[in-house]
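Note that the protein sequences, when read in sequence, are chains W and L. Just so you know, UniProt numbering puts 194 at position 194 of the first sequence, and the rest follows in order with no gaps. Just so you know, UniProt numbering puts 116 at position 116 of the second sequence, and the rest follows in order with no gaps. Just so it is clear, CB atoms sit at the ideal spot from N, CA and C, and this is done for glycine as well. Because the structure is a prediction, the values reported are computed rather than measured. Here the structure is laid out as C-alpha cells; the discussion comes afterwards.
Number of protein chains: 2
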Amino acid sequence: MTTMKEIAKQTGVSVSTVSLVLNHRDEGRVKSEIAATIRETAARLGYKSNPLARSLRTGKTRILGFVSEQIATTPYAGGIILGAQDAASALGYMLLTVNTEGRANEDSEIAALKRYGVDGFMYAKMSNRYTDVPDVLRDYPLVLVDATDREGSYPSIEPDEFRIAYDATSRLVRAGCERIAYVGCAETMLAQEGRLAGYRRALEDAGRTYDESLVTNVFNNGPALQAVSDLFDRKRPDGFFCFNDARAWYVYECAARHGLTVGRDISVVGVDNHRVFAETFYPQLTTVELPHYEMGYWSTMKLVSMIEDRDLADFTPPTTTAPLPPLDTPAPAKIHCTLIEKGSVRD
Amino acid sequence: MTTMKEIAKQTGVSVSTVSLVLNHRDEGRVKSEIAATIRETAARLGYKSNPLARSLRTGKTRILGFVSEQIATTPYAGGIILGAQDAASALGYMLLTVNTEGRANEDSEIAALKRYGVDGFMYAKMSNRYTDVPDVLRDYPLVLVDATDREGSYPSIEPDEFRIAYDATSRLVRAGCERIAYVGCAETMLAQEGRLAGYRRALEDAGRTYDESLVTNVFNNGPALQAVSDLFDRKRPDGFFCFNDARAWYVYECAARHGLTVGRDISVVGVDNHRVFAETFYPQLTTVELPHYEMGYWSTMKLVSMIEDRDLADFTPPTTTAPLPPLDTPAPAKIHCTLIEKGSVRD
DNA sequence: CTGAAAGCGCTAACAG
DNA sequence: CTGTTAGCGCTTTCAG
Numbered sequence: 001m002t003t004m005k006e007i008a009k010q011t012g013v014s015v016s017t018v019s020l021v022l023n024h025r026d027e028g029r030v031k032s033e034i035a036a037t038i039r040e041t042a043a044r045l046g047y048k049s050n051p052l053a054r055s056l057r058t059g060k061t062r063i064l065g066f067v068s069e070q071i072a073t074t075p076y077a078g079g080i081i082l083g084a085q086d087a088a089s090a091l092g093y094m095l096l097t098v099n100t101e102g103r104a105n106e107d108s109e110i111a112a113l114k115r116y117g118v119d120g121f122m123y124a125k126m127s128n129r130y131t132d133v134p135d136v137l138r139d140y141p142l143v144l145v146d147a148t149d150r151e152g153s154y155p156s157i158e159p160d161e162f163r164i165a166y167d168a169t170s171r172l173v174r175a176g177c178e179r180i181a182y183v184g185c186a187e188t189m190l191a192q193e194g195r196l197a198g199y200r201r202a203l204e205d206a207g208r209t210y211d212e213s214l215v216t217n218v219f220n221n222g223p224a225l226q227a228v229s230d231l232f233d234r235k236r237p238d239g240f241f242c243f244n245d246a247r248a249w250y251v252y253e254c255a256a257r258h259g260l261t262v263g264r265d266i267s268v269v270g271v272d273n274h275r276v277f278a279e280t281f282y283p284q285l286t287t288v289e290l291p292h293y294e295m296g297y298w299s300t301m302k303l304v305s306m307i308e309d310r311d312l313a314d315f316t317p318p319t320t321t322a323p324l325p326p327l328d329t330p331a332p333a334k335i336h337c338t339l340i341e342k343g344s345v346r347d
Numbered sequence: 001m002t003t004m005k006e007i008a009k010q011t012g013v014s015v016s017t018v019s020l021v022l023n024h025r026d027e028g029r030v031k032s033e034i035a036a037t038i039r040e041t042a043a044r045l046g047y048k049s050n051p052l053a054r055s056l057r058t059g060k061t062r063i064l065g066f067v068s069e070q071i072a073t074t075p076y077a078g079g080i081i082l083g084a085q086d087a088a089s090a091l092g093y094m095l096l097t098v099n100t101e102g103r104a105n106e107d108s109e110i111a112a113l114k115r116y117g118v119d120g121f122m123y124a125k126m127s128n129r130y131t132d133v134p135d136v137l138r139d140y141p142l143v144l145v146d147a148t149d150r151e152g153s154y155p156s157i158e159p160d161e162f163r164i165a166y167d168a169t170s171r172l173v174r175a176g177c178e179r180i181a182y183v184g185c186a187e188t189m190l191a192q193e194g195r196l197a198g199y200r201r202a203l204e205d206a207g208r209t210y211d212e213s214l215v216t217n218v219f220n221n222g223p224a225l226q227a228v229s230d231l232f233d234r235k236r237p238d239g240f241f242c243f244n245d246a247r248a249w250y251v252y253e254c255a256a257r258h259g260l261t262v263g264r265d266i267s268v269v270g271v272d273n274h275r276v277f278a279e280t281f282y283p284q285l286t287t288v289e290l291p292h293y294e295m296g297y298w299s300t301m302k303l304v305s306m307i308e309d310r311d312l313a314d315f316t317p318p319t320t321t322a323p324l325p326p327l328d329t330p331a332p333a334k335i336h337c338t339l340i341e342k343g344s345v346r347d
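Printed below as a string of C-alpha cells:
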C-alpha cells in the first residue's frame with residue numbers, strides 16, 4: 001500500500017500538497033508541473049487512497065447502509081440490492097447490507113452500521129407498504145425503497161402501480177379482449193389500490209365501462225381458485241390482468257379445466273414475482289416485471305444526491321423502459337414498469 | 001458519539017488506560033476499581049468503539065469481503081449471504097458483498113474491497129464447480145463457498161452431495177419403493193458424480209442391485225420430458241430421486257399423464273432449488289434442501305478462524321441436521337443435508 | 001499500576 | 001504557490 005507520504009518523499013513535496021493534487025483541489029494552488037509530477041508518481045506507484053484514513057478525518061465514509069428484512073431469502077430483494085450495488089459502485093460508494101428479522105434485531109443492526117460510519121441509509125421493504133421509519137434512522141439521510149413513509153417525511157422510490165395496471169390492461173384491450181377481468185389481491189396492499197385504479201382507467205380510456213363483476217379480489221389457495229373459477233363461469237372473460245403470478249396460476253388452472261388455451265382462447269397478463277418459475281412453467285404468460293433493479297439503482301442515486309447535496313442529473317442510469325412485444329408472442333413478454341419518486345417534507 | 005477521550009476525562013484517567021480496560025487488557029495492569037469505574041462510565045455514556053479509528057491503527061477492519069457472481073438474481077445466493085451475515089454478526093464482523101459479472105469487473109470489485117481493508121475473502125459460486133481462484137485473492141485469507149479450488153490450495157465449504165443422494169435414496173427404500181429411479185443431470189457438474197455414487201451406494205447398502213437402466217441423465221425441456229417418459233414406460237419405477245426440482249417436475253408431468261398420483265402411487269424426492277415454488281405448487285414433493293444458509297455460516301466461521309488464527313470450537317453454530325419426517329407426509333418434508341469442509345494445503 | 005507520547009493515513013486551516 | 005501544524009479516535013510502546 002503506497003501512501004501519500006511515499007509520494008511526497010519521491011516527489012520532494014509535502015503530504016499536504018500531494019493531498020491537494022490528488023483530490024483535485026490544486027486549481028491555482030499548486031504549480032501545474034509539480035501537480036503533474038505528483039499525479040505521475042502516484043500512477044506509477046499504483047497509489048490508492050485509503051478510505052479509512054480519509055473517513056477518520058472527514059467523517060464521511062462513502063459507505064451506504066442497506067437495511068432490509070429477509071434480504072436474502074426472497075428473490076425480490078436480490079434485484080434491488082443488485083441495482084443498489086451497481087449504482088453505488090458507479091458513484092464510488094460501497095454498500096453495507098444488513099438483514100433484519102422484524103423489529104427484533106433491527107436496531108442493533110442499524111447501530112452496527114452507524115458504528116461503521118455509514119453516510120446514509122436505505123430502508124427497504126419487500127413490497128410497497130406504509131412503513132414506520134425506525135427512530136434510530138431519524139437524523140440520517142434516508143431513502144425508503146419499495147415502501148412508503150406513513151408520515152411522508154422521507155423520500156421513497158416505488159413502482160408505479162397505476163401504470164403497471166394501466167399498461168397491462170391496455171395491452172389486453174389492444175389484443176382484442178372483450179371482457180377483461182382483474183384478479184386482484186384481497187389483502188390490504190398499497191399496490192392493490194393503484195392497480196385497480198389503473199385497470200379501471202385503462203378500460204375507460206378505451207371507451208369501455210368498468211364492470212365491477214369482472215373484478216375479484218382473492219387471497220390464495222382453494223378459496224382463491226374457487227373465486228376465479230366462479231368468475232370464469234359467470235362472465236367468461238377472455239382477458240385477465242392478475243395481481244401476481246400466484247394469481248395467474250389460478251387462471252391457468254381454470255383455463256385448463258375449461259379446456260381453454262392461454263395465448264389462444266384467453267390472454268393473461270400477470271405481475272411477476274418469481275420470474276424463474278414463470279419462464280420455466282408458463283412460457284405463454286405475459287409478465288409485468290417489477291423494476292427491482294431500477295428501484296435499487298434510483299434509490300442509491302437519490303440517497304447519494306442527498307448526502308452530497310448535489311444534483312445527479314449528469315449521471316445516466318440504466319433505462320427502465322422496454323418496448324412492448326406483441327401480446328401473443330410465444331416467448332415471455334415483459335413489460336418493464338416505471339418508477340415514481342415520492343417527495344419528502346424534510347427538504 | 002462518545003469517545004475514549006470523553007470517558008477518560010470523566011473518569012480522571014488517561015485515554016491509554018481507558019483503551020486498556022475497554023479492550024480487556026487490564027488484567028493486573030489497571031487497579032480493578034478504576035477499571036470498574038471506567039467500564040461503568042463507558043456503559044453510562046453508551047460508548048461504542050469506532051471501528052474506523054481502530055482499524056487505522058491495527059490494520060484489521062473486522063470486515064469480510066464476499067465475492068460472488070449474480071449475487072442477487074438467484075435465490076440460491078440469498079441463503080448463503082444470510083448465513084454468512086448472521087455468523088459475521090455473531091462474531092463481530094461485517095460483510096461487504098460485491099457482485100461480479102464474470103471476470104469482467106471481478107478484479108476491480110475485489111480491488112475496491114481491498115481498499116476498504118477487508119481482513120479476508122469468501123469467494124462463492126452458485127453451484128459447486130471446480131474454480132480457478134483469481135490471482136488478486138492469492139495472499140489473503142480465503143474460503144471458497146459452494147466451489148472447489150482446482151488446485152486444492154484453499155479451504156472450501158460444500159454440500160455433501162454423496163450424503164444428499166444417500167439419504168434421499170434411503171428414504172425411498174424405507175418408504176417401500178421397489179424400483180427406484182435416478183433422474184440426474186446430463187451436464188457436467190460436481191454434484192452429479194457424488195449424487196450418482198450416493199444413490200448407488202444407498203441401493204447396495206439396502207441389498208439392492210444397481211440397475212443402470214433406472215438412471216437417466218437429462219438436460220431439460222422437451223427431450224428431458226421425453227427421456228423421463230421413456231423411463232416411465234420402460235421400467236415403471238415407483239420411486240424417483242431427482243437431481244433438482246425442475247427435473248422433479250418432469251416426473252410430475254409424466255405421472256399425471258399416466259394417471260398416477262405422487263404420494264400414493266409413486267414417491268418423489270427432489271433436491272430443491274426454488275423452494276417457494278415447490279411449496280406452492282407441489283406440496284407433496286419431498287425435498288432435499290441444499291444447506292445454503294449453513295454454507296454461508298460455516299464459511300464465515302472458517303474464514304474468521306483463519307484470520308484470527310484461533311479455534312472457533314467454543315462457538316456454536318446452528319445445527320444443519322433435521323429429523324426426517326415420514327415420506328408420505330402431506331406437508332413438504334425437508335432433508336437438511338450436511339456439509340463437508342475440504343482442507344487446504346496452505347498453512 | 002498509570003500516563004505521556006508517537007503514530008496509523010489523511011485533510012484542512014493557517015502561515016509563510 | 002507550498003509547507004507546517006494540528007488532529008480525527010484509537011492502540012501501543014516506553015517511562016515513570
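Taking only beta-carbon atoms, is residue i less than 8 angstroms away from chain W?
{"i": "residue 348 of chain L", "result": "Here chain L covers residues 1 to 347 and nothing more, so residue 348 of chain L does not appear."}
{"i": "residue 182 of chain L", "result": "no"}
{"i": "residue 78 of chain L", "result": "yes"}
Looking only at its chain, what residues have a beta carbon closer than 7 angstroms to the beta carbon of residue i, apart from the 5 residues adjacent to it on each side?
{"i": "residue 253 of chain W", "result": "225"}
{"i": "residue 16 of chain L", "result": "none"}
Check the C-beta distance from residue i over to residue j and give it rounded, since I have them as a contact under 8 angstroms.
{"i": "residue 141 of chain L", "j": "residue 106 of chain L", "result": "Incorrect: roughly 18 angstroms between the Cβ atoms, too far for contact."}
{"i": "residue 352 of chain W", "j": "residue 181 of chain W", "result": "Outside the modelled stretch of chain W, which goes from 1 to 347, sits residue 352 of chain W, for which no answer is possible."}
{"i": "residue 145 of chain L", "j": "residue 124 of chain L", "result": "4 angstroms"}
{"i": "residue 92 of chain L", "j": "residue 62 of chain L", "result": "6 angstroms"}
{"i": "residue 297 of chain W", "j": "residue 86 of chain W", "result": "6 angstroms"}
{"i": "residue 267 of chain L", "j": "residue 172 of chain L", "result": "6 angstroms"}
Please tell me whether residue i has its Cβ less than 8 angstroms away from any Cβ of chain L.
{"i": "residue 186 of chain W", "result": "no"}
{"i": "residue 99 of chain W", "result": "yes"}
{"i": "residue 55 of chain W", "result": "yes"}
{"i": "residue 122 of chain W", "result": "no"}
{"i": "residue 48 of chain W", "result": "yes"}
{"i": "residue 94 of chain W", "result": "yes"}
{"i": "residue 117 of chain W", "result": "yes"}
{"i": "residue 91 of chain W", "result": "no"}
{"i": "residue 52 of chain W", "result": "yes"}
Once you ignore the five residues that flank residue i on each side, which residues in its own chain have a CB closer than 6 angstroms to its CB?
{"i": "residue 69 of chain W", "result": "100"}
{"i": "residue 165 of chain W", "result": "195, 198, 199"}
{"i": "residue 6 of chain W", "result": "none"}
{"i": "residue 130 of chain L", "result": "148, 150"}
{"i": "residue 250 of chain W", "result": "224, 225, 228"}
{"i": "residue 18 of chain W", "result": "4, 7, 8, 38"}
{"i": "residue 423 of chain W", "result": "Outside the modelled stretch of chain W, which goes from 1 to 347, sits residue 423 of chain W, for which no answer is possible."}
By a C-beta neighbour count over all protein chains shown, 10 Å radius and 16 as the cutoff for buried, is residue i buried or exposed?
{"i": "residue 311 of chain W", "result": "exposed"}
{"i": "residue 58 of chain L", "result": "exposed"}
{"i": "residue 88 of chain L", "result": "buried"}
{"i": "residue 205 of chain L", "result": "exposed"}
{"i": "residue 14 of chain L", "result": "exposed"}
{"i": "residue 128 of chain L", "result": "buried"}
{"i": "residue 209 of chain W", "result": "exposed"}
Work out the CA separation of residue j and residue i for me, nearest whole Å.
{"i": "residue 293 of chain W", "j": "residue 98 of chain W", "result": "18 angstroms"}
{"i": "residue 12 of chain L", "j": "residue 117 of chain W", "result": "28 angstroms"}
{"i": "residue 290 of chain L", "j": "residue 244 of chain L", "result": "10 angstroms"}
{"i": "residue 193 of chain L", "j": "residue 162 of chain L", "result": "8 angstroms"}
{"i": "residue 20 of chain L", "j": "residue 56 of chain W", "result": "21 angstroms"}
{"i": "residue 48 of chain L", "j": "residue 94 of chain L", "result": "15 angstroms"}
{"i": "residue 170 of chain W", "j": "residue 300 of chain L", "result": "50 angstroms"}
{"i": "residue 25 of chain L", "j": "residue 44 of chain L", "result": "21 angstroms"}
{"i": "residue 230 of chain W", "j": "residue 188 of chain W", "result": "22 angstroms"}
Could you pull out every residue in the same chain whose Cβ sits closer than 8 angstroms to the Cβ of residue i, ignoring the five residues on either side in sequence?
{"i": "residue 112 of chain L", "result": "98"}
{"i": "residue 121 of chain L", "result": "64, 65, 66, 67, 110, 113, 137, 140, 141, 142, 143, 303"}
{"i": "residue 50 of chain W", "result": "1, 3"}
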